[in-house]
Amino acid sequence: MREAGDIPTDGVRQERRRPGRRPGAVDTRGEILAAARRVFAEKGFDKATIRGIAREAKVDPALVHHYFESKEGVFVAAMRLPLDPREVIPKVLAGPREDLGRRLAEAILTTLEDARARDPIVALMRTAMTNERVVAMVREFFTGAVLSRAGERFGVPPLRMQAVFAHMFGIVMMRHIVGLEPLASASVEEIVDTVGPVIQRYIDGE
């Protein structure tokens, strides 16, 4: 009978595996995403951490950063969102303040024109209407990763930025979930021309 610390009969000492990239054909990225969905569902976006996601996936936190760069990146991939703040926000913030409302509306509506990009976010919106944890994740993500950055860049108070989000949430819901006509069949350009000035008034406080 082998005692603790004995060398196995094949002559190879058993060693504790270090955290990090796993050997073989294990889908490490997929396991991180699965772990992230569990952590986000349990803790919400704000309280979830890269370290916590790594611990749940049993990998080194450096691997999470390697695949996704940031917590926002993990969330976008885990929720299959078409709207990645790392790509969208710099473009939205690149122009003058007086056109911010139009740029925000155009970025959101253009992204959702592709059905493959639209379906995941529409599904998330449907779930958010009946699931408190999901609605908390959506709220925390868009408030922290999107709205606060635009607000800080242009000095817009949080209440106004949240009004922007609420307005665009309603537009997307009526267009892609309820199918309200003629909103549902109108072009992105038509809708942006209509709602862009309204969004701008929220931003300017007029």
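Under our numbering, the letters of the sequence shown match residues 124 to 329, in that order.
Glycine included, every Cβ here is placed at the ideal spot set by N, Cα and C.
On the three-state DSSP scale, how would you describe residue i?
| i | result |
| --- | --- |
| D327 | helix |
| D207 | coil |
| M248 | helix |
| G167 | helix |
| E221 | helix |
Using a Cβ-Cβ cut-off of 7 Å (strictly less than) and excluding sequence neighbours within five positions of residue i, which residues of its own chain qualify?
| i | result |
| --- | --- |
| A230 | V211, K214 and V215 |
| E329 | none |
| A164 | R256 |
| M296 | M248 |
Residue i to residue j, Cα distance in whole Å?
| i | j | result |
| --- | --- | --- |
| P142 | I155 | With a pLDDT of only 47 at P142, under 50, the local geometry of the prediction cannot be trusted, and the value read off the model is given with reservation. Looking at the two C-alpha atoms, the distance is approximately 13 Å. |
| V302 | G224 | In the sequence on display, residue 302 carries Gly and not Val. The straight-line gap from Cα to Cα measures roughly 23 Å. |
| E221 | V311 | 20 Å |
| K170 | G218 | 32 Å |
| L306 | E263 | 28 Å |
| R152 | V182 | 10 Å |
With a threshold of 16 other CB atoms inside 10 Å of the CB of residue i, please say whether the residue is buried or exposed.
| i | result |
| --- | --- |
| G274 | buried |
| R226 | buried |
| R276 | exposed |
| M202 | buried |
| G175 | buried |
| R239 | exposed |
| A185 | exposed |
Would you check if the distance between the CB atom of residue i and the CB atom of residue j is smaller than 8 Å?
| i | j | result |
| --- | --- | --- |
| H188 | I173 | yes |
| I314 | I294 | yes |
Given residue i, which residues of its chain have a CB within under 6 Å of its CB, disregarding the five upstream and five downstream residues?
| i | result |
| --- | --- |
| V199 | D207 |
| P320 | none |
| A251 | V257, V258 and V261 |
| R160 | A201 |
| A286 | Y325 |
By Cβ distance below 8 Å, which residues in the same chain neighbour residue i in space, the five residues on each side in sequence not counted?
| i | result |
| --- | --- |
| F204 | It should be pointed out that residue 204 corresponds to Leu in this sequence rather than to Phe. So the list reads F198, P243, I244 and L247, once near-sequence residues are dropped. |
Within 8 Å of any Cβ in chain C, is that where the Cβ of residue i sits?
| i | result |
| --- | --- |
| V197 | Here there is only one protein chain, and chain C is not present. |
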